[in-house]
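Participant:
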Amino acid sequence: MDDIPIARPLLGDEEIEVVSQVIRSGMLVQGEMVRRFEEEFSSYVGVKDSIAVSSGTVALDLALKAFGLDPGDEVICPAFTFIATSNAVLYQGLRPVFADVDPRTFNLNPEDVLEKVNSNTKAILGVHLYGQPFDVKAIHEICEDHDLILIEDCAQAHGAEYEGKRAGSFGTGCFSFYPTKNMTTGEGGMITTDDDMLAERLRLLRNHGDRGKYNHVMLGYNYRMTNIQGAIGLVQLRKLDAFIDARIKNAEYLSAHISRDGITTPWRDPRCKHVYNQYVLRVEDDFPMSRDDLASYLQSKGIGTGIHYPMPVYEQPLYRQLGIRSICPVAEEISRRVISVPVHPGLSDEDLKRIADAVNSAG
Ligand SMILES: Cc1ncc(COP(=O)(O)O)c(C=O)c1O
């Protein structure tokens, strides 16, 4: 029986065709395709502006840079996320302050965020983890009350919604188009904003501070997206809703068919459209196997799994070396319990049945 990978990008003839067109045109670097991709992405997310960059990490890095914060300013981010979220804070000489997460959504716990706000806090960098928006209302309120910048890490949340509005339209949105995401350009990223001045600054930072014709008005970078990536992005964006529908359908199948004491299926906040970039089970104490043994068992059945993520970010060796500590009991607990199983749009009915049957028969 074939293996079922944890993620598989779906690229087809249309992507091959547009990439061939770009190659034939000879216009490889940032140009018309990137411009069109940005325009369509803005209208999809529901914002005035989108700025395409070379990765999701760069999107976070530039977004933080563009606000011109001072060294040592604090940025609150979740303890339970991919390391790129808080690394971007470090790149800017800022201080990541880790807040705990909610045990059902795995997203920022607003009460703990509030506990961590102090006079040095300048921004909240929330993550819409696994494709489910964080509690935007509560976090937005904290930002308003304490005059904080809101940045959304939307790397896993293209098309996700909170009360009918898309992720990336509440603060400054930072997206990734890495191949495991809900849409891909190979590598790539996008920043979304309604702020014209910020957009202008981001465009300059992306391209050596160049106002055009070698007129460099600030210290910038080469963080550009290529036309090849832009062209793939345009095609993928048009397929995104179909990809998401398939992910939701797959997640609903798994939640309806995985039925085991000791396994908790994902909880969806009723205010949210969850786009299931990951479908994450919790392995509780009364399950007859450890989480890692379950992963090995599923592997033996040809089913790929992922651990997103095996420890809170502050327990990573890098953060220990830097002496950046926190105590987030929920993040510590769930990092021992979570296991992601395949949910991507490339799964067949047979694959889904195999995944549910394997979890149900484990132990
Ligand atoms: C939550 C989160 N933030 C940031 C990133 C960084 O994106 P990229 O890999 O495109 O740099 C990723 C994905 O890898 C992610 O999952």
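So the sequence shown is numbered by the working numbering: it starts at 24 and just counts up by one. Where a beta carbon is used, it is the ideal one built from N, C-alpha and C, also for glycine. Only a predicted model underlies this, so the values are computations on that prediction, with no experimental measurement involved.
If you draw a straight line from the C-alpha of Phe90 to the C-alpha of Phe310, how long is it?
Facilitator: Within the sequence shown, numbered from 1, the residue matching residue 90 stands at position 67. Within the sequence shown, numbered from 1, the residue matching residue 310 stands at position 287. Spanning the two alpha carbons is a distance of roughly 47 Å.
Participant: On the DSSP bridge list, what partners appear for His367?
Facilitator: The count along the sequence shown starts at 1 and reaches residue 367 at position 344. His367 is not bridged to any residue.
Participant: If you compare alpha carbons, which of Gly235, Ser65, Val150 and Pro32 is closest to Thr80?
Facilitator: Here residue 80 refers to the residue found at position 57 of the sequence shown. Of the listed residues, the one whose Cα sits closest to Thr80 is Val150.
Participant: Do three or more CB pairs link the segment 103-123 to the segment 176-185 at distances below 8 Å?
Facilitator: yes
Participant: Around the C-beta of Leu51, are 16 or more other C-beta atoms found within 10 angstroms, so that it is buried, or is it exposed?
Facilitator: The residue you call residue 51 lines up with position 28 of the sequence shown. Leu51 is exposed by the Cβ-count criterion.
Participant: If you follow the alpha helix (DSSP H) that Gly256 is part of, which residue opens it and which one closes it?
Facilitator: Reading the sequence shown from its first residue, position 233 is the one you call residue 256. Residues Asn250 to His280.
Participant: If I follow the unbroken beta strand (DSSP E) through Asp176, where does it start and stop?
Facilitator: Within the sequence shown, the letter at position 153 stands for residue 176. Ile172 to Asp176 is the span of the beta strand (DSSP E), which, as asked, contains Asp176.
Participant: Helix, strand or coil: how does DSSP classify Val98 here?
Facilitator: Here residue 98 is taken as the residue at index 75 of the sequence shown, counted from 1. DSSP places Val98 in strand when its eight states are reduced to three.
Participant: Would Ala279 be called buried (16 or more neighbouring beta carbons within 10 Å of its own) or exposed?
Facilitator: If you number the sequence shown from 1, residue 279 lands on position 256. It counts as exposed.
Participant: Whole angstroms is fine: what's the gap from Gly196's alpha carbon to Leu228's?
Facilitator: The residue you call residue 196 lines up with position 173 of the sequence shown. The residue you call residue 228 lines up with position 205 of the sequence shown. Each residue's Cα considered, the two are about 16 Å apart.
Participant: To test your reading of the DSSP string, which unbroken beta strand (DSSP E) runs of 3 or more residues are found completely within the segment 128-194?
Facilitator: Those beta strand (DSSP E) runs which fall completely within the segment 128-194 and span 3+ residues are 144-150 and 172-176.
Participant: Taking the CB atoms as reference points, tell me whether Asn130 and Asn205 lie closer together than 8 Å.
Facilitator: To locate residue 130, count along the sequence shown from 1; it is residue 107. To locate residue 205, count along the sequence shown from 1; it is residue 182. Taking 8 Å as the Cβ cut-off, Asn130 and Asn205 do not qualify as a contacting pair.
Participant: Cβ-heavy atom distance between Gln339 and ligand 1 below 7 Å?
Facilitator: As a first step, residue 339 is located in the sequence shown; it is residue number 316 there, counting from the start. No, since every heavy atom of ligand 1 falls outside the 7 Å radius drawn around the Cβ of Gln339.
Participant: Within the chosen definition, does the segment 64-79 reach the segment 243-251 through at least 3 CB pairs nearer than 8 Å?
Facilitator: yes
Participant: Sort out for me which residues DSSP pairs Lys296 with in a bridge.
Facilitator: Counting from one through the sequence shown, the residue named residue 296 turns up at place 273. Bridge partners of Lys296: Glu184.
Participant: Here's a check: name, in chain order, each residue in its chain whose Cβ is nearer than 7 Å to the Cβ of Val336, leaving out the five neighbours to either side.
Facilitator: On the sequence shown, residue 336 is found 313 positions in, with the first residue counted as 1. Correct list, in chain order: Ala102, Thr104, Ile106, Ser109, Phe121 and Tyr342.
Participant: Counting Cβ pairs closer than 8 Å, one from the segment 373-380 and one from the segment 32-51, do we hit at least three?
Facilitator: no
Participant: Can you tell me whether Ser358 sits near ligand 1, meaning its C-beta is under 7 Å from at least one heavy atom of the ligand?
Facilitator: Position 335 of the sequence shown, counted from the start, is the residue given in the question as residue 358. Ser358 Cβ: outside cutoff for every heavy atom of ligand 1.
Participant: Could you give the first and the last residue of the continuous beta strand (DSSP E) run that contains Met213?
Facilitator: The residue labelled residue 213 in the question sits at position 190 within the sequence shown. It spans Gly212 to Thr216 - the beta strand (DSSP E) in which Met213 sits, taken as one unbroken run.
Participant: Kindly examine ligand 1 and report whether one of its heavy atoms sits closer than 7 Å to the Cβ of Tyr332.
Facilitator: Residue 332 sits at position 309 when you count from the first residue of the sequence shown. No, since every heavy atom of ligand 1 falls outside the 7 Å radius drawn around the Cβ of Tyr332.
Participant: What residue range does the alpha helix (DSSP H) around Asp380 cover?
Facilitator: For the purposes of this step, residue 380 is taken as residue 357 along the sequence shown, with counting starting at 1. Residues Asp372 to Ser384.
Participant: Ordered along the chain, which non-local residues of its own chain (more than five positions away) have a Cβ less than 8 Å from that of Arg388?
Facilitator: Any property of residue 388 remains undetermined from this structure, which presents the chain solely from 24 to 386.
Participant: Below 8 Å on the Cβ atoms is my guess for Phe193 versus Gly212; work out the distance and round it to an integer in Å.
Facilitator: Taking the first residue of the sequence shown as position 1, residue 193 is located at position 170. Taking the first residue of the sequence shown as position 1, residue 212 is located at position 189. Rounded, the Cβ-Cβ distance is 18 Å, inconsistent with contact.
Participant: Within the same chain, show all residues whose beta-carbon is closer than 7 Å to that of Leu137, passing over the 5 residues directly before and after it, in chain order.
Facilitator: By one-based count along the sequence shown, residue 137 stands at place 114. Closer than 7 Å at the Cβ level, and outside the excluded window around Leu137, lie Ile165.
Participant: Applying the 10 Å Cβ sphere with the 16-neighbour rule, what's the burial state of Gly95?
Facilitator: Here residue 95 refers to the residue found at position 72 when the sequence shown is read from its first residue. That one is exposed.
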